[in-house]
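Numbers 0 to 651, taken from numbering that gives the first Met the number 0, label the letters of the sequence shown in order.
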Amino acid sequence: MSDEGHVLDVLLTENRRFPPPEGFCDGCVVYDPAVYSAAEADPEAYWAGWAEKLDWFEKWHTVLEWTPPHAKWFLGGKLNVAYNCLDRHLVGPRRNKAALIWEGEPGDTRTFTYWDLHREVSKFANVLKGLGVKKGDRVAIYLPMIPEAAISMLACARIGAPHSVVFGGFSPESLADRINDAEAKVLITADGGYRKGSIVPLKANADEAVKTCDCIEHVVVVARGAGLTQEVAADMAEGRDHWYHDLMAGASAKCDPEVMDSEDLLYILYTSGTTGKPKGVVHTTGGYLTQVYATTKSVFDLREEDVYWCTADVGWVTGHSYIVYGPLANGATVLMYEGAPNYPDWGRFWQLCEKYGVTIFYTAPTAIRAFMRVGEEWPNKSDLSKLRLLGTVGEPINPEAWMWYREVIGKERCPIVDTWWQTETGAIMITPLPAVTETKPGSATKPFPGIAATLLDDDGNETSAGYLAITKPWPSMIRTIYGDDERYRETYWSKWDGIYFPGDGAKRDEDGYLWILGRVDDVLNVAGHRIGTMEVESALVDHPAVVEAAVVGKKHDIKGESIAAFVTLKQGMDGTDDLVAELKEHVTKKIGAIARPDVIMYAAELPKTRSGKIMRRLLKDVAEGKALGDTTTLADPAVVQKLQAQYEEEEG
Ligand code: PRX
0 MSDEGHVLDV LLTENRRFPP PEGFCDGCVV YDPAVYSAAE ADPEAYWAGW
50 AEKLDWFEKW HTVLEWTPPH AKWFLGGKLN VAYNCLDRHL VGPRRNKAAL
100 IWEGEPGDTR TFTYWDLHRE VSKFANVLKG LGVKKGDRVA IYLPMIPEAA
150 ISMLACARIG APHSVVFGGF SPESLADRIN DAEAKVLITA DGGYRKGSIV
200 PLKANADEAV KTCDCIEHVV VVARGAGLTQ EVAADMAEGR DHWYHDLMAG
250 ASAKCDPEVM DSEDLLYILY TSGTTGKPKG VVHTTGGYLT QVYATTKSVF
300 DLREEDVYWC TADVGWVTGH SYIVYGPLAN GATVLMYEGA PNYPDWGRFW
350 QLCEKYGVTI FYTAPTAIRA FMRVGEEWPN KSDLSKLRLL GTVGEPINPE
400 AWMWYREVIG KERCPIVDTW WQTETGAIMI TPLPAVTETK PGSATKPFPG
450 IAATLLDDDG NETSAGYLAI TKPWPSMIRT IYGDDERYRE TYWSKWDGIY
500 FPGDGAKRDE DGYLWILGRV DDVLNVAGHR IGTMEVESAL VDHPAVVEAA
550 VVGKKHDIKG ESIAAFVTLK QGMDGTDDLV AELKEHVTKK IGAIARPDVI
600 MYAAELPKTR SGKIMRRLLK DVAEGKALGD TTTLADPAVV QKLQAQYEEE
650 EG
């Protein structure tokens with residue numbers, strides 16, 4: 000658990016309460032607290048009410064079929080996600096509304112109305128068909144934050160080809176693993192993407208990855224990084240690689256949307272678990288769209304005139320649900336930004352808010368803490384007066400950061416929605432409703448209407464401090480792990496009977512508010528990115544100098560957690576500083592920069608139980624400079640004491 004003691008302190012001392020700001024409720028989407036009791040009395044009717052706001056080619060005959068751990072929602076219903084995000088907005092004034100306003104890191108901009116986006120998506124859908132992609136075929140997407148990322152996802156949805164988006168920061172090897180697991184036929188990438196003033200060589204990475212992917216028949220390349228286009232042009236593999244713009248030039252803009260069953264696969268998204276192998280989280284069509292639609296509208300109080308900005312990357316679930324599918328299904332104007340928050344300086348986000356008149360802003364606590372550190376002079380240089388609602392996601396937010404967000408960015412005028420959810424839940428699960436819920440700094444408050452969440456102990460008894468548990472199925476829930484239903488059952492449904500285990504610990508206060516403490520399994524949350532300790536350990540032991548490695552999360556002021564690794568070297572190997580640097584680089588190369596350890600320490604031995612299990616809990620104490628917890632189960636308590644002394648000496 001990342002920060003239990005700290006949260007406990009907060010719980011005892013945090014008395015601040017913030018009711019919805021005066022005037023916020025006028026014209027808001029949800030204002031009646033009775034929505035909670037109505038949804039609780041009949042969740043299926045509640046969700047069906049939202050589903051009715053989507054466009055269906057054929058209506059469902061049954062709302063829910065629940066044979067734990069498998070749920071089906073809106074059975075018999077037929078619809079198309081791209082149709083719901085685009086076509087249905089083409090009648091009436093939304094036709095000419097900006098759907099996507101995009102700004103690249105160098106400052107270039109593009110705007111797509113709903114009409115424009117519909118045309119581009121239809122054309123690219125035809126391009127994919129022309130490359131032999133049929134309903135059910137998987138398409139991998141490895142793109143920077145450019146409009147073509149959203150266009151590609153929607154084009155896949157239009158023809159019923161599930162996409163697997165891979166974050167552009169992942170290494171070639173991580174990309175290859177994901178492509179192979181999904182057996183994707185086509186890969187969509189770009190020559191490069193801008194990040195902090197330099198260009199990430201995506202096509203070069205893709206080439207490296209595809210060498211080990213026999214399933215890939217075609218690679219489509221968007222010309223983005225001006226500096227790399229010529230270089231990449233020289234490397235285009237004849238017959239396999241195609242420029243996006245060449246294919247689009249000849250494509251028809253007429254493409255009927257595929258009629259999809261409510262339970263047809265919409266996408267696979269890989270996320271880290273407790274083993275070295277990422278899990279392909281499967282999301283389907285009708286239930287997913289219903290819940291992302293409902294939550295986007297209610298949690299962000301989305302109204303016709305809003306300019307909505309979620310700063311996530313489309314490579315993560317937040318980008319899927321709250322940049323693309325939720326907002327576009329609602330006919331919103333979405334701002335999309337390619338680059339880093341601090342490029343060319345720490346004022347960039349706030350300039351973007353001013354320039355585009357952003358009204359709703361959704362980001363991660365790690366970004367808020369980084370902004371806090373550099374000081375309020377940066378946001379104060381821009382006019383943030385259009386902002387009216389702020390959101391956070393991805394990790395627990397500490398009350399100091401929450402208060403700073405409220406005062407410095409929101410000028411005490413904007414409600415804050417701290418939203419808890421996961422790749423597996425598909426959509427927001429625990430959150431305030433901005434016009435209804437009194438908020439408390441650091442608490443995600445209460446389950447969204449229609450969501451049944453509670454806290455349980457190991458035996459499944461209700462408790463006020465324990466594991467978060469979701470006791471009823473919800474529309475956007477994970478359906479299975481792609482190709483591994485056994486792992487799906489084991490990971491999420493084996494702890495209690497028919498109850499979903501998200502892997503988080505939480506507490507409930509006397510008002511029934513939930514305070515999420517963080518992961519209770521071997522999953523880290525580094526700057527809002529989810530990383531499995533085993534993935535990093537496997538990358539480390541892959542290095543020829545390493546015999547054994549143990550990875551733990553270490554509390555970090557900005558990133559929430561950072562990665563600390565303890566490694567045992569092969570006999571005769573010297574534990575030098577150069578080798579530390581080399582090992583960090585090795586992890587970056589194997590997984591991506593997000594998994595790079597901050598600290599690597601050599602350990603002559605790792606603390607183990609008598610049965611040989613590494614006690615990561617104690618290593619975490621060592622890494623955080625805390626008093627050691629219970630060492631009685633260790634085979635040799637001296638091992639960890641020695642490590643602690645060594646750590647204090649080396650790391651201070
Ligand atoms: O530990 C929780 C944390 O992020 C995990 C999910 O990570 P991922 O699947 O990558 O999705 C992140 C974006 C939805 C959760 O198990 N988490 C997410 N939101 C919050 C959070 N922890 C505390 N408060 C939150 N609001």
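Built from N, CA and C at the ideal position, the CB exists for glycine as well.
Beta-carbon contacts of Asp597 that lie in its chain and below 8 Å, excluding the five residues immediately before and after:
Lys553, His555, Ser561, Ile562, Ala563
Indicate the three-state DSSP secondary structure (helix, strand or coil) for Leu617 in the structure shown. helix
Thinking C-beta only, is Gly272 closer than 8 Å to Gly531? Yes; because the gap between Cβ atoms is below 8 Å, this pair is in contact.
Assign Val522 to one of three DSSP states: helix, strand, or coil. strand
Practice task
Return yes when the C-beta of Thr631 is under 7 Å from any heavy atom of the ligand PRX, and no when it is not.
Solution key: no
Query - Cα-Cα separation between Tyr243 and Val220, rounded to whole angstroms - result: 5 Å
> Any heavy atom of the ligand PRX closer than 7 Å to the Cβ of Thr418?
Replying inline: yes
Endpoints, alpha helix (DSSP H) assigned at Tyr30 | Careful: Tyr30 lies outside any alpha helix (DSSP H) and carries neither H nor E.
**OP:** Alpha carbon to alpha carbon, how far is Gly279 from Thr422? Give it in angstroms, no decimals.
**Re:** 10 Å
Under a Cβ-count criterion, where at least 16 other Cβ atoms within 10 Å of its own Cβ denotes burial, should Ser1 be classed as buried or exposed?
Low confidence applies here, because Ser1 scores a pLDDT of 43, under 50, leaving its location unreliable; read the following figure in that light. By the neighbour-count criterion, in which 16 or more other beta carbons inside 10 Å mark a residue as buried, Ser1 falls on the buried side.
Q: Flag Gly393 as yes when its Cβ comes closer than 7 Å to any non-hydrogen atom of the ligand PRX, and as no otherwise.
A: yes
Determine whether the beta carbon atoms of Thr108 and Ala97 lie at a separation below 8 Å. Not in contact: Thr108 and Ala97 (Cβ atoms no closer than 8 Å).
Who pairs with Gly275 in a beta bridge, going by DSSP? For Gly275, which the question treats as bridged, DSSP gives no partner whatsoever.
ask   = Should Leu127 and Leu85 be called a contact, given that it needs their Cβ atoms to be closer than 8 Å?
value = no
*asked:* Under DSSP, the beta strand (DSSP E) around Gly286 begins and ends at which residues?
replied: Segment 285 to 298 is the alpha helix (DSSP H) holding Gly286; no beta strand (DSSP E) there.
- Query: Using a threshold of 7 Å, is the CB atom of Pro501 nearer than that to any non-hydrogen atom of the ligand PRX?
  - Reply: True, at least one ligand heavy atom lies under 7 Å from that Cβ.
Quiz item: So Leu386 packs on Phe360, CB below 8 Å; how close in whole Å?
Solution: 6 Å
(request) Decide if the region 509 to 519 is in contact with the region 583 to 594; the criterion is three or more beta carbon pairs, one per stretch, under 8 Å apart. (result) No, the region 509 to 519 is not in contact with the region 583 to 594.
Give a yes or no on whether the minimum CB-CB distance between Tyr243 and chain D is below 8 Å. Annotation note: the requested chain D is absent from the structure, which comprises a single protein chain.
Does the Cβ of Trp349 lie closer than 7 Å to at least one heavy atom of the ligand PRX? no
Contact set for Gly318: own chain, Cβ-Cβ below 6 Å, skip 5 residues either direction: Ala311, Asp312
_Quick check for students: name the residue ranges of the alpha helix (DSSP H) that lie wholly in the region 152 to 232, counting only runs of 4 or more._
171 to 181, 201 to 209, 225 to 232
Applying the criterion that 16 or more other CB atoms from any shown protein chain within 10 Å of the CB defines a buried residue, is Asn95 buried or exposed?
With fewer than 16 other Cβ atoms inside 10 Å of its own Cβ, Asn95 counts as exposed.
Between Ala252 and Arg118, how many whole angstroms is the CB-CB distance? I'm expecting something under 8 Å. Right, the Cβ-Cβ distance comes to about 5 Å (below 8 Å), so this counts as a contact.
* Rounded to whole angstroms, how far is the Cβ of Trp72 from the Cβ of Pro448, which I believe are closer than 8 Å? -> The beta-carbon distance between Trp72 and Pro448, rounded to whole angstroms, is 16 Å. This is too long to meet the 8 Å contact definition.
Close beta carbons around Thr365, own chain, < 8 Å, minus the five adjacent residues each side: Gly393, Glu394, Ala526, Gly527, Ile557, Lys558, Gly559
- Task: Quick one: using the 10 Å Cβ neighbour count with 16 as the cut-off for buried, is Ala225 buried or exposed?
- Result: exposed
By DSSP, does Lys128 sit in helix, in strand, or in coil? helix
Next on the checklist: Considering Cα atoms alone, identify which of Leu174, Gly196, Glu182, Lys184 is closest to Lys202.
Outcome noted: Leu174
Contact set for Ile140: own chain, Cβ-Cβ below 6 Å, skip 5 residues either direction = Ser151, His162, Val164, Ile187
Practice prompt. State the CB to CB distance for the pair Glu648 and Leu605, rounded to an integer number of angstroms; the pair is presumed to be in contact (CB under 8 Å).
Written response: With 8 Å as the limit, Glu648 and Leu605 do not qualify as a contact, their Cβ atoms being about 18 Å apart.
- So what does DSSP say about Tyr342, is it helix, strand or coil? DSSP places Tyr342 outside both helix and strand once states are collapsed to three, so it counts as coil.
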